[in-house]
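Here the sequence shown stands for residues -12 to 60, where the numbers follow our numbering.
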Amino acid sequence: MQVSPVEAHLTANGGGNRAAGSEMRVNRIVAVVGALALAAILVAAILVIAWIKGGAQPMRWIEQPVSAGALQQ
């Protein structure tokens, strides 16, 4: 029985299952990183649009108590 070089290579590497498993793992990691990056871009775009539309400073809620206390004195 003659064995082709491809079959010999696959049987030497455990039937190619290890390569398929690592490739699926890499695809899952890429999908998760891509989803997180897309979510971050979406949140940043919403904040920028709200900042431009409303004209409100995003940090006003941090600075307001300090400036209000300073103005009352």
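For glycine and all other residues, C-beta sits at the position ideal for the given N, C-alpha and C.
Identify, in the order they occur along the chain, each residue of the same chain with its Cβ nearer than 6 Å to the Cβ of residue i, setting aside the five sequence neighbours on each side.
{"i": "I33", "result": "none"}
{"i": "A27", "result": "none"}
Would you kindly work out how many angstroms separate the C-alpha atoms of residue i and residue j, rounded to a whole number?
{"i": "I16", "j": "L25", "result": "14 Å"}
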